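Here the structure comes first, spelled out in structure tokens, and everything after it is commentary.
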Amino acid sequence: MAIRLGDIAPDFEADTTDGKVNFHEWKKDSWAVLFSHPKDFTPVCTTELGYTAKLKDEFAKRNVKVIGLSVDPVDSHHKWEKDIEETQGQAVNFPMIGDSDRKVADLYDMIHPNANDTMTVRSVFIIGPDKKVKLILTYPASTGRNVDELLRVIDSLQLTANYQVATPVNWTDGDDVIITAAVSDEDAKDKFPKGWKAVKPYLRITPQPNK
Ligand code: BEZ
1 MAIRLGDIAP DFEADTTDGK VNFHEWKKDS WAVLFSHPKD FTPVCTTELG YTAKLKDEFA
61 KRNVKVIGLS VDPVDSHHKW EKDIEETQGQ AVNFPMIGDS DRKVADLYDM IHPNANDTMT
121 VRSVFIIGPD KKVKLILTYP ASTGRNVDEL LRVIDSLQLT ANYQVATPVN WTDGDDVIIT
181 AAVSDEDAKD KFPKGWKAVK PYLRITPQPN K
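Numbering (my numbering), first residue to last: 1 to 211.
Shown next as structure tokens:
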């Protein structure tokens, strides 16, 4: 069955470049990004992994653990990691799942046979501390992901988990936000003491509450 937002992220055991991992135990109470790569020793994946590794401190600052996956075995990942370090100037610093039996890829529906029946697509699952799936993205093999966008959505997910706000188009951390419809104007006076601008009764803009 397809995984949907709000579902508990399926648990699994897998071989990774850091040894055997039980996903839920490994994640503990952190946030997690689980992302798949179509194939080892391919150019777009090489750039994505190097860039993601460069953002280690940004993920750590947000209490996010990163784990990659491809259907190639762990020993192949280890060989490929040397190329990633050489070409991207950055060693991979998160575990990569070796999913040759496609156990995890099938569990997370990462193989889309009408796109390609042997490789995974570029899936991204962002999972919260409560183990629930908060965001799902799917890109084709030919389009590298925007890893900065992952940090941006994590900022939004973490903010909206703690405050009754939503983030508008192209929002980035520090920008104004929207008060959700669940909050009455009366309650908003307490919850958003900096005030708000009601562009429409349903569009109330307020400064980001935790800044
Ligand atoms: C790549 O990462 O460059 C790639 C992987 C699989 C198919 C096409 C491109």
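Virtual Cβ for every residue (Gly too), placed ideally from N, Cα, C. Given the structure is predicted, the values throughout are model-derived calculations rather than measurements.
For Arg62, same chain residues with a beta-carbon under 6 Å away, outside a window of 5 residues either side, are Ile154 in chain order. Here His24 has Asp11 as same chain residues with Cβ atoms under 6 Å from its own Cβ, once five neighbours each way along the sequence are excluded.
Relative to the ligand BEZ, the beta carbon of Val44 is positioned inside 7 Å of a heavy atom. Between the alpha carbons of Met110 and Thr138 lies a distance of about 9 Å. Exclusion of Pro207 from the 7 Å shell around the ligand BEZ follows from its C-beta lying no nearer than that to any non-hydrogen atom of the ligand. The continuous alpha helix (DSSP H) containing Asp155 extends over residues 147-162. Taking a 10 Å sphere around the C-beta of Val199, we find fewer than 16 other C-beta atoms and assign the residue as exposed. Secondary structure in the region 71-139: the beta strand (DSSP E) runs of 3 residues or longer, each lying completely within the stretch, are 96-98, 122-127, 133-139 in chain order. Per DSSP, the continuous beta strand (DSSP E) segment holding Leu203 begins and ends at 203-206.
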